[in-house]
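Numbering (UniProt numbering), first residue to last: 1 to 423. Below: the structure, in structure tokens.
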Ligand SMILES: O=C(O)C1=C[C@@H](OP(=O)(O)O)[C@@H](O)[C@H](O)C1
Ligand SMILES: C=C(OP(=O)(O)O)C(=O)O
């Protein structure tokens, strides 16, 4: 699908989509908890669908009821010997360890870019937990045969926090007691806060977090599994909302609703970068109002919130001067190699991006050209180009624009509802 966007002012109110990070974790927690869970504000993205499908393969029943989804689980009891994670990195890295708590041999695969994203972590870690594992030279497909037995282990958290999210959930499910996961060089730390928060919300056995270096599962459960139904409200997505906020800063008057101001989501940090630009913005309850402004360049460390790079590059393109974003090494293994794809696509728009070791320098304020861009099958690259188009000097096209379905299928409708001109 090719989308064409005309520059122009935007105006309106839009509600952020559901966070796929929260929704996928809630699916995992509902599977582990046993009993009945009602998900309110469930996500509709491709990654959310992948997670729902996986928990069905692992034994849960999933039913839609009006605006909610009802999950019933008796624990991890696979009904299938294979799982497909679609393109979701979180799903493969979280559900592999969870699936391994059963003794069923399971093969796990995915589609598209996920087939190129590393999973060699499992080769190193799962055998220490008595799980047989075989990967395709560190890539998918992989096979596992549990049951996983929790043990004191040390893992490397530098490539992705998602493996740790899976281990924390799996250790809780396998009733870990008096056991520590030691983590070296953890990146994307707030994502682990979100994992622990969801585990607590579902009454799972939550480990104590010692400065993101040790996660200790005490002898006594801190929160026992409740027998009651869980009613879980999936919070709004700061990652998707970041694009809407940047759109407002570039091109209009936008109100974004449905965001949790006390969220542990990593990408809430977009507010810090926006504040540095001097944008006119007001934050009230669960909504943010933002207005097109004269924007100053910013310096921002995105090591722990790497998904903010694409919206921050769109923002930087309209700041008067050079903005600097740290954490480039975190971008290599996403849906595309995002440092290179941002450099290439924004290059077509006339925006110069320099990569200097771990820093990305974006020279803004030079004008954004009309151009034909490509998403590289990466949802956040498509959304970054779309937002950058709003203040451009001519029309911008985006090829493979449907990539947004991975996290934010309503994205173009939301832009249209803000009066952006799209076809
Ligand atoms: O746990 C999560 O929900 C995610 C963690 C982050 O990955 P890394 O931990 O690999 O940085 C992020 O980039 C990804 O989009 C979602
Ligand atoms: C990298 C992303 O997700 P995941 O790793 O879960 O595929 C993302 O949403 O940008």
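Every residue, glycine too, gets a C-beta built ideally from N, C-alpha and C. For clarity, every value in this text was computed on a predicted model and none was experimentally measured.
- Query: Using DSSP with H/G/I as helix, E/B as strand and the rest coil, what is residue 132?
  - Reply: Here the question's residue 132 lines up with position 132 in the chain shown. Of the three classes helix, strand and coil, the one that applies to residue 132 here is strand, per DSSP.
- Message: Assess contact between the stretch 243–256 and the stretch 209–220, defined as three or more Cβ pairs (one per stretch) separated by less than 8 angstroms. Is contact present?
- Response: no
- Query: Taking the Cβ atom as the reference point for each residue, do residue 126 and residue 119 lie within a distance shorter than 8 angstroms?
  - Reply: One-based indexing of the chain shown puts residue 126 at position 126. One-based indexing of the chain shown puts residue 119 at position 119. Going by C-beta atoms, residue 126 is not nearer than 8 angstroms to residue 119.
- Query: CA-CA distance, residue 298 and residue 265?
  - Reply: Looking up residue 298 in the chain shown gives position 298. Looking up residue 265 in the chain shown gives position 265. Straight-line Cα distance between these residues: approximately 21 angstroms.
- Item | Reduced DSSP secondary structure (H/G/I, E/B, other) of residue 145 | To locate residue 145, count along the chain shown from 1; it is residue 145. If DSSP states are grouped into helix, strand and coil, residue 145 belongs with the strands.
- Item | Buried/exposed call for residue 3, threshold 16 Cβ in 10 Å | The residue given as residue 3 occupies position 3 in the chain shown. Classification for residue 3: buried.
- Quick one: any contact between the stretch 193–205 and the stretch 274–285, if contact means 3 or more CB pairs under 8 angstroms? no
- Check whether the Cβ of residue 306 sits closer than 7 angstroms to any heavy atom of ligand 1, and report yes or no. Here residue 306 refers to the residue found at position 306 when the chain shown is read from its first residue. Yes, since a heavy atom of ligand 1 falls inside the 7 angstroms radius drawn around the Cβ of residue 306.
- Query: Which term fits residue 175, buried or exposed, when burial requires 16 or more other beta carbons within 10 angstroms of its beta carbon?
  - Reply: To locate residue 175, count along the chain shown from 1; it is residue 175. Counting Cβ neighbours within 10 Å, residue 175 comes out exposed, since fewer than 16 surround it.
- Give a single yes or no on whether residue 331 has its beta carbon closer than 7 angstroms to a heavy atom of ligand 1. Here the question's residue 331 lines up with position 331 in the chain shown. Not under cutoff, so the answer is no.
- Straight-line CA distance for residue 111 to residue 149? For the purposes of this step, residue 111 is taken as the residue at position 111 of the chain shown. For the purposes of this step, residue 149 is taken as the residue at position 149 of the chain shown. Between residue 111 and residue 149, the C-alpha separation is close to 29 angstroms.
- Contacting residues, own chain, Cβ-Cβ under 7 angstroms from residue 193 (five flanking each side not counted): Counted from its first residue, the chain shown places residue 193 at position 193. Cβ within range, chain order: 264.
- Query: DSSP three-state call for residue 261: helix, strand or coil?
  - Reply: Taking the first residue of the chain shown as position 1, residue 261 is located at position 261. The answer is coil: DSSP assigns residue 261 none of H, G, I, E or B.
- Pair within 8 angstroms by beta-carbon distance, residue 404 and residue 359: Counted from its first residue, the chain shown places residue 404 at position 404. Counted from its first residue, the chain shown places residue 359 at position 359. Against a cut-off of 8 angstroms, the Cβ pair of residue 359 and residue 404 comes out as no contact.
- Return the CA-CA distance between residue 59 and residue 361, expressed in angstroms with no decimal places. Here residue 59 is taken as the residue at index 59 of the chain shown, counted from 1. Here residue 361 is taken as the residue at index 361 of the chain shown, counted from 1. One C-alpha to the other measures close to 48 angstroms.
- Message: Helix, strand or coil, according to DSSP, for residue 82 in the structure here?
- Response: Reading the chain shown from its first residue, position 82 is the one you call residue 82. Strand at residue 82.
- Message: Considering only heavy atoms of ligand 2, does any lie closer than 7 angstroms to the CB of residue 380?
- Response: Locating residue 380 in the chain shown gives position 380, counting from the first residue. For ligand 2, at least one heavy atom lies less than 7 angstroms from the Cβ of residue 380.
- Message: Let me check you understand the geometry: is the CB of residue 43 closer than 7 angstroms to at least one non-hydrogen atom of ligand 1?
- Response: One-based indexing of the chain shown puts residue 43 at position 43. It does not: the Cβ of residue 43 is nowhere closer than 7 angstroms to a heavy atom of ligand 1.
- Report the residue ranges of all beta strand (DSSP E) runs contained in full by the stretch 169–224; include only those spanning at least 3 residues, in chain order. 179–184, 208–210 and 214–217
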